[in-house]
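Q: Just dropping this structure here.
Chains as they are written, first to last, in the working numbering: chain A, 9 to 236; chain B, 33 to 254.
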């Protein structure tokens with residue numbers, strides 16, 4: 009299989025402060041094309057904060073995050089899809105209009121070798137939203153809203169996926185579909201960083217347990233924290 | 033550029049579909065101007081003299097009613113997170129959203145102003161300059177409101193705080209907006225020098241305010 013994506017994501021000594029408390033520090037990892045990182049840890053250990061730091065939405069207390077293989081000057085965030093706890097859906101637009109907007113807005117920056125060119129219709133098909141494409145997003149259930157948010161991943165191609173508990177309110181079949189999508193993304197040379205409390209399939213090449221990085225928990229923070 | 037246009041189109045579509053904000057702003061403007069003669073009395077000369085000031089002040093207040101929605105809805109539903117990850121710099125996002133506010137709120141208000149001017153015995157032959165001054169001055173209103181909206185993002189009752197923050201910044205717009213119209217109605221002197229100042233204020237706000245908004249938005253993510 010060809011690998012349309014060829015960027016690597018590196019984190020060097022990343023630390024995170026929230027509300028005056030250090031959540032984690034000395035976090036380093038390096039993800040090659042095709043890698044998928046599973047972020048684990050109890051509530052409040054900084055899974056969401058780490059995702060938001062990589063997405064450029066939270067400042068780094070220390071260290072740096074860089075995307076190699078990218079044109080100089082392009083921020084790491086432009087290579088990432090971020091699906092967090094909030095879905096980013098407009099209730100007064102239809103399902104299709106929501107996706108069409110994100111496609112037009114997000115895709116205009118990067119060249120992506122033909123991936124994700126199925127357009128909005130193909131993106132709707134992934135989670136089976138085609139049947140409800142023309143109803144207003146206000147009438148969607150929580151699970152359907154989640155699917156719509158995740159459909160953004162297929163709407164325009166970006167090499168790095170940041171998924172923060174993507175399986176919340178999804179049904180079992182959709183969780184399986186999401187797991188397979190993460191695997192397929194890896195096969196296409198993409199990188200995925202996923203935090204989850206439910207099993208999402210065997211696509212993960214690395215695991216990061218943030219609990220082990222809690223500075224209050226353990227004095228000797230390890231330098232390389234990613235178990236393969 | 034495609035991204036900015038896509039965002040602008042979406043914001044305008046949302047404003048017209050949700051509808052409430054525009055209707056409330058226009059209704060508020062109408063009511064304030066309609067009750068002014070009850071407070072000031074039926075002296076037609078007095079009304080004509082205070083009309084430019086009243087029309088401007090009521091327009092500023094009406095425009096502020098929907099100003100907190102410039103960023104708030106996108107912040108609340110998570111769209112703002114995704115918007116920052118697009119190809120547009122944050123300042124361009126702020127500029128696009130402020131422009132959408134101008135198109136959906138200030139332009140309808142400026143077009144309603146001549147109708148309301150009739151209630152205040154505003155001379156009909158100077159209506160073109162009234163609309164012109166308001167069209168030219170209101171971009172500053174929307175773009176400065178964008179600063180207030182980004183500063184108060186995530187706060188409860190942000191609308192009131194926003195008005196407190198932003199209204200003092202509207203003083204230059206008010207002074208030159210009113211003096212343009214007053215000069216055209218009663219003289220003496222030409223309306224064009226204050227009109228050019230109004231243009232300058234709007235142009236400067238359109239360039240500088242998005243930078244301030246972007247800086248404020250960045251702090252709101254923490």
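We put the beta carbon where it would ideally sit given N, CA and C, even for glycine. Note that the structure is predicted; figures quoted are calculated from it, not measured.
Which ranges does the alpha helix (DSSP H) cover as unbroken runs of at least 4 residues, wholly within the region 183-228 of chain B, from first to last along the chain?
A: 190-198 and 203-218
Q: Looking at C-alpha atoms only, which residue of A:50, A:213, A:212 and A:32 is the closest neighbour of residue 71 (chain A)?
A: Taking the first chain and counting its residues from 1, the one referred to as residue 71 (chain A) is at position 63. Out of A:50, A:213, A:212 and A:32, A:32 has the C-alpha closest to the C-alpha of residue 71 (chain A).
Q: Mind reading off the beta-carbon distance from residue 174 (chain B) to residue 133 (chain B)? Whole number of angstroms is fine, and I expect it under 8 Å.
A: The sequence position of residue 174 (chain B) within the second chain is 142, counting from 1. The sequence position of residue 133 (chain B) within the second chain is 101, counting from 1. Residue 174 (chain B) to residue 133 (chain B), Cβ: 4 Å. Contact.
Q: To the nearest angstrom, report how far apart residue 216 (chain B) and residue 127 (chain B) are at their CA atoms.
A: For this step, residue 216 (chain B) is matched to residue 184 along the second chain. For this step, residue 127 (chain B) is matched to residue 95 along the second chain. The alpha-carbon atoms of residue 216 (chain B) and residue 127 (chain B) are separated by roughly 32 Å.
Q: Just to confirm before moving on: does the CB-CB distance between residue 17 (chain A) and residue 39 (chain A) stay below 7 Å?
A: Residue numbering aside, residue 17 (chain A) sits at position 9 when the first chain is read from its first letter. Residue numbering aside, residue 39 (chain A) sits at position 31 when the first chain is read from its first letter. Yes, the Cβ-Cβ distance between residue 17 (chain A) and residue 39 (chain A) is below 7 Å.
Q: Which chain B residues sit within Cβ distance under 8 Å of residue 67 (chain A)?
A: Reading the first chain from its first residue, position 59 is the one you call residue 67 (chain A). Residues of chain B passing the Cβ test: 254.
Q: Taking 7 Å as the CB-CB cut-off, is residue 52 (chain A) touching chain B?
A: Indexing the first chain from 1 puts residue 52 (chain A) at position 44. False, the Cβ-Cβ gap to chain B never drops below 7 Å.
Q: Going by other Cβ atoms of all chains shown within 10 Å of its Cβ, with 16 needed for buried, is residue 76 (chain B) buried or exposed?
A: If you number the second chain from 1, residue 76 (chain B) lands on position 44. Flag for residue 76 (chain B) reads exposed.
Q: Would you kindly work out how many angstroms separate the C-alpha atoms of residue 124 (chain A) and residue 74 (chain A), rounded to a whole number?
A: For the purposes of this step, residue 124 (chain A) is identified with residue 116 of the first chain, where counting begins at 1. For the purposes of this step, residue 74 (chain A) is identified with residue 66 of the first chain, where counting begins at 1. Because the pLDDT at residue 124 (chain A) is just 49, under 50, the model does not fix this residue reliably, and the value given afterwards should be weighed accordingly. Computed Cα separation, rounded: 24 Å.
Q: Considering only the beta carbon of each residue, do residue 237 (chain B) and residue 176 (chain B) sit closer than 7 Å?
A: Locating residue 237 (chain B) in the second chain gives position 205, counting from the first residue. Locating residue 176 (chain B) in the second chain gives position 144, counting from the first residue. It is a contact, given that the beta carbons lie within the stated cut-off.
Q: By how many angstroms is the C-alpha of residue 212 (chain B) removed from the C-alpha of residue 221 (chain B)?
A: Here the question's residue 221 (chain B) lines up with position 189 in the second chain. Here the question's residue 212 (chain B) lines up with position 180 in the second chain. Approximately 10 Å, taken between the alpha carbons.
Q: Would residue 48 (chain A) pass as a contact of residue 172 (chain A) if the rule is Cβ separation under 7 Å?
A: Start at 1 with the first residue of the first chain, and residue 48 (chain A) comes out as number 40. Start at 1 with the first residue of the first chain, and residue 172 (chain A) comes out as number 164. Cβ atoms of residue 48 (chain A) and residue 172 (chain A): not closer than 7 Å.
Q: What residues from chain A crowd round residue 34 (chain B), counting only those whose CB sits closer than 9 Å?
A: Walking along the second chain from the start, residue 34 (chain B) turns up at place 2. Here the neighbours are 112, 113, 115 and 116.
Q: Taking the beta strand (DSSP E) that residue 201 (chain A) belongs to, which residues open and close that run?
A: Residue mapping note: residue 201 (chain A) aligns to position 193 of the first chain, counting from 1. First-last of the beta strand (DSSP E) with residue 201 (chain A): 199-203.
Q: By how many angstroms is the C-alpha of residue 39 (chain B) removed from the C-alpha of residue 101 (chain B)?
A: On the second chain, position 69 is the one that residue 101 (chain B) refers to. On the second chain, position 7 is the one that residue 39 (chain B) refers to. Taking the Cα positions, residue 101 (chain B) is about 15 Å away from residue 39 (chain B).
Q: Restricting to Cα atoms, I'd like to know which of A:108, A:111 and A:191 is closest to residue 202 (chain A).
A: Along the first chain, one-based indexing puts residue 202 (chain A) at 194. Considering only alpha carbons, the answer is A:191.
Q: Kindly indicate which residue of A:215, A:209, A:165 and A:178 has the alpha-carbon position closest to the one of residue 198 (chain A).
A: As a working note, residue 198 (chain A) is residue 190 in the first chain. If we check each option's Cα against that of residue 198 (chain A), A:165 comes out closest.
Q: Mind listing, in chain order, the continuous alpha helix (DSSP H) runs of no fewer than 4 residues lying wholly within the region 14-75 of chain A?
A: 55-62
Q: At the 7 Å Cβ level, is residue 110 (chain B) part of the contact set with chain A, yes or no?
A: Here residue 110 (chain B) corresponds to residue number 78 of the second chain, with the count starting at 1. Flagged as an interface residue toward chain A: residue 110 (chain B), by a C-beta distance shorter than 7 Å.
Q: Expressed to the nearest angstrom, what Euclidean distance is found between the alpha-carbon atoms of residue 109 (chain A) and residue 57 (chain A)?
A: One-based indexing of the first chain puts residue 109 (chain A) at position 101. One-based indexing of the first chain puts residue 57 (chain A) at position 49. If you take the alpha carbons of residue 109 (chain A) and residue 57 (chain A), they lie about 27 Å apart.
Q: Quick one: residues in its chain with C-beta nearer than 7 Å to the C-beta of residue 94 (chain B), no 5 flanking neighbours on either side, listed in chain order?
A: Translated into positions along the second chain, residue 94 (chain B) becomes position 62. Hits under 7 Å: 57, 60, 61 and 141.
Q: Helix, strand or coil for residue 122 (chain A)? Go by DSSP, reduced to three states.
A: Along the first chain, one-based indexing puts residue 122 (chain A) at 114. Low confidence applies here, because residue 122 (chain A) scores a pLDDT of 48, under 50, leaving its location unreliable; read the following figure in that light. Here residue 122 (chain A) sits in coil by DSSP.
Q: Going by alpha carbons, who is nearest to residue 137 (chain A) out of A:84, A:163, A:112 and A:174?
A: In the first chain, the residue the question calls residue 137 (chain A) occupies position 129. Here the closest residue by C-alpha is A:163.
Q: Report the neighbours of residue 86 (chain A) on chain B: residues whose CB is nearer than 8 Å to its CB, in chain order.
A: Position 78 of the first chain, counted from the first residue, corresponds to residue 86 (chain A). Near residue 86 (chain A) (Cβ distances below 8 Å), the residues of chain B are 117, 118 and 119.
Q: What are the uninterrupted segments assigned as beta strand (DSSP E) that are 3 or more residues long and contained completely in the region 119-160 of chain A, given in chain order?
A: List check, beta strand (DSSP E) in window: nothing returned.
Q: Using the DSSP secondary-structure output, state which residues sit across from residue 172 (chain A) in a beta bridge.
A: Start at 1 with the first residue of the first chain, and residue 172 (chain A) comes out as number 164. Answer by DSSP bridge pairing, in chain order: A:203.
Q: With distances taken Cα to Cα, identify the nearest neighbour of residue 229 (chain B) among B:208, B:145, B:148 and B:152.
A: Locating residue 229 (chain B) in the second chain gives position 197, counting from the first residue. The shortest Cα separation from residue 229 (chain B) among B:208, B:145, B:148 and B:152 belongs to B:208.
Q: Under 7 Å, do residue 89 (chain A) and residue 161 (chain A) count as touching if we go by C-beta distance?
A: As a working note, residue 89 (chain A) is residue 81 in the first chain. As a working note, residue 161 (chain A) is residue 153 in the first chain. Contact: yes.
Q: To which residues of the same chain is residue 159 (chain B) closer than 8 Å at the C-beta, ignoring the five residues directly before and after it?
A: For the purposes of this step, residue 159 (chain B) is taken as the residue at position 127 of the second chain. Cβ within range, chain order: 146 and 149.
Q: Establish whether the CB of residue 56 (chain B) and some CB of chain A are separated by less than 7 Å.
A: By one-based count along the second chain, residue 56 (chain B) stands at place 24. Judged by the 7 Å Cβ criterion, residue 56 (chain B) is not in contact with chain A.
Q: Look up residue 164 (chain A) in the DSSP assignment and say whether it is helix, strand or coil.
A: Translated into positions along the first chain, residue 164 (chain A) becomes position 156. In this structure, residue 164 (chain A) counts as coil in the three-state DSSP scheme.
Q: With a threshold of 8 Å on Cβ separation, who are the neighbours of residue 53 (chain B) within its own chain once the five nearest residues in sequence on each side are excluded?
A: Here residue 53 (chain B) is taken as the residue at index 21 of the second chain, counted from 1. Around residue 53 (chain B): 47, 97, 98, 101, 136 and 137.
Q: Hey, residue 90 (chain B) and residue 154 (chain B): beta-carbon distance below 7 Å or not?
A: Walking along the second chain from the start, residue 90 (chain B) turns up at place 58. Walking along the second chain from the start, residue 154 (chain B) turns up at place 122. Between residue 90 (chain B) and residue 154 (chain B), the C-beta gap is not smaller than 7 Å, which leaves the two residues out of contact.
Q: Within the 7 Å Cβ cut-off, does residue 100 (chain A) reach chain B?
A: Here residue 100 (chain A) corresponds to residue number 92 of the first chain, with the count starting at 1. At least one chain B Cβ lies under 7 Å of residue 100 (chain A).
Q: For residue 19 (chain A), go through chain B and note every residue whose CB falls closer than 7 Å to its CB, in chain order.
A: Position 11 of the first chain, counting from 1, holds the residue named residue 19 (chain A). Ordered by position in chain B, no residue passes the 7 Å Cβ test against residue 19 (chain A), which lies about 17 Å from the chain.
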